[in-house]
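The structure appears right after this line, and notes come after that.
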Ligand code: AMP
């Protein structure tokens, strides 16, 4: 089967690496050169809204999926006239706008932090009355890895925050004093079968995912059941196909949805070495209509992102439990260049190996 992927970053690369053993062929639409998917399929190098490139991209494909969320809506609409697009475009449109996303969570009964749209300086004041302080001011669109957000602690910061984003559509969210951050991933088939990966604990630094522990330590059945129920609700509401990630804040025993990602997700990279079937393989199985694989964890896994610079490869590989995944990207501040998975039978061994990795990436 010929699978078209919108985007050619590391997620596209890991999709292609997982799809080749299944006999799948890939074509990517990716504006940047070089790109992590180079050499793993045909790459149409063009902007996402180039109509001629879109026609070349679509020719001979069986279906289209995406690894990049900020694909213009009209690009997806044009492709949808001739090909199945999975996950469905309605969920992509919703996830592209933080207000639409939070309204969907509210409508579906998935708890989330209080929020208020902001499109003017006076609306910001109104939003603070509604949401309270401290709060987080975020761009409605095109925010990722903590980009496009400012924490507001007091009224003195309002002018500064407004000036930083002036002219953009914003949303103010209540600041959540969370106990920890969690993420749940699931995969849904076209027939509606769902496989859930275990709930994982995530740690962000400067808004970027730094590490994941899978399964989440001391999560208990209550949290796991609640997270699965929220994910199921969202998946069923959108008649979802593929992998969906739901990022959550845990506050005591309560879960609040932060955001969803209608694609394979960084908090699922541990599955490459730590689960029976990786999120990449299961996403592809779902979108092409093959039976889903087991999402079971094989033991205990820690995933650490390599951000901005790469430690010596030899030093990482000297740690016996470490599995290295590099994305072929040039080092740059704040850029995700690769990740390391550490899989062991018990959490103690994972923690010991994690300490060694942390000393290398510090
Ligand atoms: P986001 O881009 O919305 O996923 O935010 C990136 C990270 O910023 C999150 O993983 C949290 O660590 C932090 N963050 C975002 N929104 C909030 C919030 N409302 N309250 C507290 N922390 C937040």
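Numbering (the working numbering), first residue to last: 170 to 531.
Cβ atoms here follow ideal geometry from the backbone N, Cα and C, with glycine treated the same way.
Distance check between residue 439 and each of 446, 282 and 470 places 470 closest, using alpha-carbon atoms only. Annotated three-state conformation of residue 397 is helix, per DSSP.
With a cutoff of 8 angstroms on beta-carbon distance, residue 415 and residue 352 are scored as near each other.
For the pair residue 358 and residue 455, the CB atoms are nearer than the 8 angstroms cut-off. The criterion of a C-beta distance shorter than 8 angstroms is not satisfied by residue 528 and residue 468. Not one heavy atom of the ligand AMP falls within 7 angstroms of the beta-carbon of residue 283. Under the three-state reduction of DSSP output, residue 286 falls in the strand class. For residue 193 against residue 172, the beta-carbon gap comes to about 5 angstroms, under 8 angstroms, which counts as contact. Check the Cα spacing between residue 325 and each of 293, 346 and 345: the tightest is with 293. Using a cutoff of 7 angstroms, the CB of residue 385 does not count as near the ligand AMP, since none of the ligand's heavy atoms is closer than that. Annotated three-state conformation of residue 509 is strand, per DSSP. Residue 225 sits in a helix when the DSSP states are folded into three classes. The continuous stretches of alpha helix (DSSP H) do not include residue 177, and DSSP gives it neither H nor E. Between residue 383 and residue 466, the gap from beta carbon to beta carbon is short of 8 angstroms. Residue 239 has its Cβ no nearer than 7 angstroms to any heavy atom of the ligand AMP.
Residue 396 and residue 409 have their alpha carbons spaced roughly 17 angstroms apart. In terms of side-chain proximity, the C-beta atom of residue 179 is found no nearer than 7 angstroms to any non-hydrogen atom of the ligand AMP.
Rounded to the nearest whole angstrom, the C-alpha separation of residue 404 and residue 398 is 10 angstroms. The residues 321, 322 and 323, in chain order, have a CB closer than 7 angstroms to that of residue 302 in the same chain once the five nearest residues on each side in sequence are set aside. Counting of Cβ neighbours within 10 angstroms places residue 482 among the exposed residues, the total staying below 16.
By the C-beta density criterion, residue 196 is buried, having at least 16 other C-beta atoms within 10 angstroms. The continuous stretches of alpha helix (DSSP H) do not include residue 420, which lies in the beta strand (DSSP E) extending over residues 411-420.
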